[in-house]
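A.B. asks: Here you go, one structure.
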């Protein structure tokens, strides 16, 4: 398929509903992978670009996803059980296919889209406005004001992509501390709490949006957890002088960081990673997922949205960056500015590259997500899980 043959269609995803258990979504990760029904499709509230193929019959076979689609960069082959598209005739038989290369001519399509964006970047006034002090939190507060009860569903894919979280909820797991950074309305922390059977599990949730934290605290589970405990507070991941309320250095076992770094300016990444390193126990893990380079969501941006290379502002003034594997490795495996030691090692790092199809409208959508697990490396004294008491 040549670039000229790639017809651009505008679609608006409509299959969005809320699970009855929760009210809104996560902050910087609100456009995240959305459970098994959409099979990884992240719902958006702007129009999408898609490649429109020749028309053909759409079959109604539905297959629920029960395995990860992430292809680790160090693996010899894609994961067993992946949905391989072996014949183009089968493309409409499922709603998603794993590890499908883009069609011939798609590189030109990418180049054209990026060139159009570069021709009309965000002007300096708007750039300074959206990147100014406190503006990111303000814009997310406005987002929650407008969408607090009617936008996204809760995640149902944690047991597939991040089994470490599920293990922490088992009765015999012992004393553990899990922190969700960029928690939004608690759409990871609250489902985790709902399923928790571990009386010694301490769940913390933080977001730089006060309105998001209020949503977490207003949920019935917050004041009446079935087991363990939860505490939510306002905190900025880029803060240079503090950690989340109730979190001393070296006390966290698992940090959940999903669709959060992409909302930060690239100049803020180093401080964010330094803070993650500071709060984790030696051997603690960051569970990471975010947008990948040349994802459909990147290519759909029009003029007037580009802040800098691969970094954009949406219509609601929230920001988003699209990563490559190499820059994630460089970011997390950097040396600590004070100790000179490597901060994290890569436990695994891979790409979730999927062809999603709209069988009713005969549309193909090429999505790209980055996913990884990073392990804290240095010998900072462990505090045996002790936490600062929170009233």
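Residue numbers (our numbering): 2 to 392.
Ideal placement from N, C-alpha and C gives every residue a C-beta, glycine not left out.
#1: Apart from the five residues just before and just after residue 102, which ones in its own chain have a Cβ nearer than 6 Å to its Cβ?
#2: Express the C-alpha separation of residue 111 and residue 325 in angstroms, rounding to a whole number.
#3: Spatial neighbours of residue 128 within its chain, please: C-beta separation below 7 Å, excluding the five flanking residues on both sides.
#4: Per DSSP, residue 233 is paired with what?
#5: Output the distance between the C-alpha atoms of residue 89 and residue 109, rounded to the nearest integer angstrom.
#6: Could you tell me the boundaries of the beta strand (DSSP E) in which residue 376 lies?
#7: Between which two residues does the alpha helix (DSSP H) holding residue 275 run?
#8: Starting from residue 213, trace the alpha helix (DSSP H) in both directions and tell me its first and last residue.
#9: Starting from the C-beta of residue 319, find all residues in its chain whose C-beta is less than 8 Å away, skip the five residues before and the five after it, and write them out in chain order.
#10: Helix, strand or coil, according to DSSP, for residue 309 in the structure here?
#11: Look at the alpha carbon of residue 124 and the alpha carbon of residue 224, and state the distance between them as a whole number of angstroms.
#12: Using 8 Å as the threshold, is the stretch 168-185 in touch with the stretch 193-208, meaning 3 or more CB pairs across them?
#13: Closer than 6 Å by C-beta to residue 286: which residues in its own chain qualify, once you throw out the five before and the five after it? Chain order, please.
#14: Residue ranges of each beta strand (DSSP E) run of no fewer than 3 residues wholly in the stretch 89-170, ordered along the chain?
#15: Take residue 280 as the anchor and find which of 250, 296 and 227 has the nearest alpha-carbon.
#16: Here's the rule: buried if 16 or more other CB atoms are within 10 angstroms of the residue's CB, otherwise exposed. What is residue 312?
#17: Between which two residues does the alpha helix (DSSP H) holding residue 86 run?
#18: How would you write the range of the beta strand (DSSP E) that residue 254 sits in, first residue to last?
#19: Since residue 366 and residue 293 are thought to touch, with beta carbons under 8 Å apart, how far apart are those beta carbons, to the nearest angstrom?
C.D. replies: Walking through what the data contain:
#1: Residue 102 sits at position 101 when you count from the first residue of the chain shown. Nothing meets the Cβ criterion.
#2: By one-based count along the chain shown, residue 325 stands at place 324. By one-based count along the chain shown, residue 111 stands at place 110. Going by the C-alpha atoms only, they are around 15 Å apart.
#3: In the chain shown, residue 128 corresponds to position 127, counting from 1. Result list for residue 128: 308, in chain order.
#4: The residue labelled residue 233 in the question sits at position 232 within the chain shown. Answer is 206.
#5: Mapped onto the chain shown, residue 89 falls at position 88. Mapped onto the chain shown, residue 109 falls at position 108. So the alpha carbons of these two residues sit roughly 21 Å apart.
#6: Residue 376 sits at position 375 when you count from the first residue of the chain shown. Its beta strand (DSSP E) spans residues 364-377.
#7: In the chain shown, counting from the first residue as 1, residue 275 sits at position 274. From DSSP, the alpha helix (DSSP H) with residue 275 extends over 270-280.
#8: Here residue 213 refers to the residue found at position 212 when the chain shown is read from its first residue. Looking at the DSSP string, the run of the alpha helix (DSSP H) that includes residue 213 is 211-219.
#9: Within the chain shown, residue 319 is the residue found at index 318, counting from 1. Excluding residues within five positions, the ones whose Cβ falls inside 8 Å are 29, 137, 140, 141, 144 and 264.
#10: Locating residue 309 in the chain shown gives position 308, where the first residue counts as 1. If DSSP states are grouped into helix, strand and coil, residue 309 belongs with the strands.
#11: If you number the chain shown from 1, residue 124 lands on position 123. If you number the chain shown from 1, residue 224 lands on position 223. About 46 Å.
#12: yes
#13: For the purposes of this step, residue 286 is taken as residue 285 along the chain shown, with counting starting at 1. Hits under 6 Å: 255, 374 and 376.
#14: 97-99
#15: The residue labelled residue 280 in the question sits at position 279 within the chain shown. If we check each option's Cα against that of residue 280, 250 comes out closest.
#16: Your numbering for residue 312 matches position 311 in the chain shown. Result: buried.
#17: Mapped onto the chain shown, residue 86 falls at position 85. Run containing residue 86: none; DSSP gives neither H nor E here.
#18: Here residue 254 is taken as the residue at index 253 of the chain shown, counted from 1. Start and end: 253-259.
#19: Position 365 of the chain shown holds residue 366. Position 292 of the chain shown holds residue 293. 14 Å between Cβ atoms; not a contact.
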